[in-house]
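Residue numbers (mature numbering (1 follows the signal peptide of the UniProt record, and there is no 0)): -20 to -1, 1 to 479.
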C-alpha cells in the first residue's frame, strides 16, 4: 500500500511540474520551426547553398524561423522589418559573434580572433583598420594604385579584343581586386608572392568555401569531427589553413626583409605594434592577432568587390537593354575623354542603380556573419533566448515580394526615385550588413566596384561567344561564405572607338 501511495505522489508531482512548465512557456509565442531529427536537428535541411535552403523554408515558416542545428539554437530572419529589429532596435543585445567549437579551432588558431566577440579588442581593431585602410582619406590616397591596375586590366582585355577571343571576367575581376588590395593593404604586388595569380585566386575561393561551410564539428559535440573527417571537410579545412598561413608568413617575411621600399604600410604598422608589445583592448598584439586582422582584410576587400562586378556583368549580358542604357549614360558623360576618373563616377547615376540592383539580387555575403544573443530580445513578438545564433538572410530579403515588385526581374529603374542606399540604414538592401557589425570597408568596396565597372563598360562593348544566346547564360551560385558565379562568365570584348 505504501508503494502505491508513493507512486501516486510522484505521479501527481510530475503532473504539477508539467503544468507549471507549460504555463511558464505559454506566455511566449512559439517560434515557427521545421521538424528536425534527433541529434542533428535541422542540419540535414541545410543544403550546399544555405541561403537558398533557408529562403525556401522561410516561405513556409515565416520571416522569423527557429532551427536546431545540432546543439546550437538558431534563428533566421528573412524580411526587412525583422532585419531592422536585429540590426538596429536590438543591435547592442545581439552584436557579438558566436564562439567556434569543435575541430575548427584546431584548423585556425587565429580564426576566433578574426571573428571576435563585440568587445574592447574588436572595437580598437576596427578603429585601426578604418583609420589606416578604409577611411575616405585612405581610399582616395590609393586611387593611383587603382588607376594603374585598371589600366593593366584594360590593356589585357584590349589584347583579347584584338584577337576577338572571349575573356574570363571571373578571373579578370578577381585579379584586379587582388592586385589593388595586395598593394594597398599588404604593401606587396600579387605577382611578388610565391603564389601565382591562379593559385592565389584558388586559395581565396577555397578559404571562402571553408568559412561558409556548415561544419558538423561546430554543431555536434564529440562526434562532429568524425563526420567532418568522413566527408573530407576536415582535410580541406586543414589544407586551406596551411595555405593561408603560408601566405601570411610570406607577406610578413617580405616586410621584415625590407624587400618593399617606401613609407610604412598597414603590415609594417602591425609589425611595429607587435614589436612594441602594444595592447588592443585587453590583449597584447601577437602574430596570431596580425594574421587574424589580415584575414579580416581578405574578407572585406578581395573577393567581395570582384563578385559584385562579375554578377553585374552577368546580369547586363542577360539584359541587353540595360547594357546599352548604362553604356550610353557613361559614354555621354565622358564625352571625348579617354580615362574614367573617380570624379566622373559621381555623374554615372544609372551605373549606381545597376550596382544597387546587383546587390539586391546577388549580395556577396547572402547570410550575414552570424550573431549571438547576449540578452533576451523580442523579434516580431517572439522571444529569442540568450546564446541563440541569429542569421540575417539578405539574399531572401532581396527577393521578398512584400518589399520588391517583380523581385526576380533585374530592373535598375526600381531605384530611380528611391532613396534606398547600401549604407546599412535601409534594411531592404544590406550588402554590407548593418549596425555595429557593418563592414568597415563599405566605402572602399563601393568605389572599387564603381570604378572597375565604369571602365569595363566604357572601354569595351561586350557580346556572347559565338553560337551562344542569352538563355544559355547560367546563374548557378558557388558555395561559400561569399557567393560567386559557379561557372565562369565568358564574354567577347570589342574595343570602343570614341567618335
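Note that beta-carbon positions come from the ideal geometry of N, C-alpha and C, so glycine has one too. It should be emphasised that the depicted structure is a prediction, and the values quoted were computed from it without experimental measurement.
Residue range of the unbroken alpha helix (DSSP H) whose run includes residue i
{"i": "residue 313", "result": "300 to 314"}
{"i": "residue 126", "result": "123 to 143"}
{"i": "residue 30", "result": "30 to 41"}
{"i": "residue 105", "result": "100 to 109"}
{"i": "residue 474", "result": "Per DSSP, residue 474 belongs to no alpha helix (DSSP H); it is in the beta strand (DSSP E), 470 to 475."}
{"i": "residue 56", "result": "Premise fails: residue 56 lies in the beta strand (DSSP E), 52 to 57, not in any alpha helix (DSSP H)."}
{"i": "residue 150", "result": "149 to 161"}
{"i": "residue 258", "result": "Element bounds for residue 258: n/a, residue is neither H nor E."}
{"i": "residue 197", "result": "196 to 199"}
{"i": "residue 64", "result": "60 to 64"}
{"i": "residue 338", "result": "329 to 341"}
{"i": "residue 323", "result": "322 to 325"}
For residue j and residue i, the rounded distance between their alpha carbons
{"i": "residue 125", "j": "residue 351", "result": "35 Å"}
{"i": "residue 40", "j": "residue 14", "result": "9 Å"}
{"i": "residue 19", "j": "residue 236", "result": "49 Å"}
{"i": "residue 283", "j": "residue 258", "result": "30 Å"}
{"i": "residue 344", "j": "residue 268", "result": "27 Å"}
{"i": "residue 464", "j": "residue 184", "result": "12 Å"}
{"i": "residue 371", "j": "residue 46", "result": "10 Å"}
{"i": "residue 347", "j": "residue 423", "result": "21 Å"}
{"i": "residue 380", "j": "residue 231", "result": "43 Å"}
{"i": "residue 389", "j": "residue 341", "result": "9 Å"}
{"i": "residue 141", "j": "residue 457", "result": "28 Å"}
{"i": "residue 475", "j": "residue 58", "result": "43 Å"}
{"i": "residue 272", "j": "residue 100", "result": "16 Å"}
{"i": "residue 403", "j": "residue 432", "result": "20 Å"}
{"i": "residue 82", "j": "residue 17", "result": "Because the pLDDT at residue 82 is just 41, under 50, the model does not fix this residue reliably, and the point stays unresolved."}
{"i": "residue 63", "j": "residue 416", "result": "14 Å"}
{"i": "residue 401", "j": "residue 270", "result": "33 Å"}
{"i": "residue 36", "j": "residue 323", "result": "42 Å"}
{"i": "residue 116", "j": "residue 122", "result": "10 Å"}
{"i": "residue 112", "j": "residue 11", "result": "44 Å"}
{"i": "residue 55", "j": "residue 368", "result": "7 Å"}
{"i": "residue 496", "j": "residue 187", "result": "The requested residue 496 does not occur in the structure, where the chain is confined to residues -20 to 479."}
{"i": "residue 462", "j": "residue 25", "result": "20 Å"}
{"i": "residue 494", "j": "residue 291", "result": "There is no way to answer for residue 494, as the model of the chain reaches only from -20 to 479."}
{"i": "residue 5", "j": "residue 362", "result": "Here the model assigns residue 5 a pLDDT of 45, short of 50, so the residue's position is not dependable, and the following value carries that caveat. If I take the Cα positions, the gap works out to 12 Å."}
{"i": "residue -1", "j": "residue 393", "result": "Per-residue confidence for residue -1 stands at a pLDDT of 48, beneath the threshold of 50, marking its modelled position as unreliable; no derived number is given."}
{"i": "residue 443", "j": "residue 181", "result": "25 Å"}
{"i": "residue 44", "j": "residue 151", "result": "38 Å"}
{"i": "residue 205", "j": "residue 219", "result": "16 Å"}
{"i": "residue 354", "j": "residue 364", "result": "10 Å"}
{"i": "residue 412", "j": "residue 387", "result": "20 Å"}
{"i": "residue 450", "j": "residue 207", "result": "42 Å"}
{"i": "residue 250", "j": "residue 77", "result": "24 Å"}
Buried versus exposed, by CB contacts within 10 Å (16 or more), residue i
{"i": "residue 65", "result": "buried"}
{"i": "residue 262", "result": "exposed"}
{"i": "residue 276", "result": "buried"}
{"i": "residue 430", "result": "buried"}
{"i": "residue 143", "result": "exposed"}
{"i": "residue 210", "result": "exposed"}
{"i": "residue 201", "result": "exposed"}
{"i": "residue 72", "result": "exposed"}
{"i": "residue 308", "result": "exposed"}
{"i": "residue 222", "result": "exposed"}
{"i": "residue 313", "result": "buried"}
{"i": "residue 189", "result": "buried"}
{"i": "residue 477", "result": "exposed"}
{"i": "residue 366", "result": "exposed"}
{"i": "residue 428", "result": "buried"}
{"i": "residue 31", "result": "buried"}
{"i": "residue 447", "result": "exposed"}
{"i": "residue 455", "result": "exposed"}
{"i": "residue 321", "result": "exposed"}
{"i": "residue 398", "result": "exposed"}
Host beta strand (DSSP E) of residue i (start-end)
{"i": "residue 206", "result": "First-last for residue 206: 204 to 211, but that is the alpha helix (DSSP H), not the beta strand (DSSP E)."}
{"i": "residue 49", "result": "44 to 49"}
Residue i beta carbon near the ligand FAD (any heavy atom closer than 7 Å)
{"i": "residue 265", "result": "As for the ligand FAD, it is missing from this structure, which has no ligand bound."}
Expected contact under 8 Å - CB spacing of residue i and residue j to nearest Å
{"i": "residue 326", "j": "residue 395", "result": "Actually they do not touch by this definition, with Cβ atoms about 16 Å apart."}
{"i": "residue 297", "j": "residue 303", "result": "7 Å"}
{"i": "residue 453", "j": "residue 294", "result": "7 Å"}
{"i": "residue 491", "j": "residue 110", "result": "Examination of residue 491 is not possible in this model, given that the chain is present from -20 through 479 alone."}
{"i": "residue 195", "j": "residue 224", "result": "So it is not a contact: roughly 16 Å between Cβ atoms."}
{"i": "residue 246", "j": "residue 165", "result": "5 Å"}
{"i": "residue 248", "j": "residue 167", "result": "7 Å"}
Neighbour flag for residue i against chain D, beta carbons, 8 Å
{"i": "residue 465", "result": "Considering every chain present, this structure includes no chain D. It has just one protein chain."}
Inside the region 416 to 464 only - beta strand (DSSP E) runs reaching at least 3 residues: You should have 440 to 443.
My parser needs the alpha helix (DSSP H) runs of 4 or more residues fully inside the region 347 to 415; what are they? If we require 4 residues or more, the alpha helix (DSSP H) runs fully inside the region 347 to 415 come out as 374 to 377.
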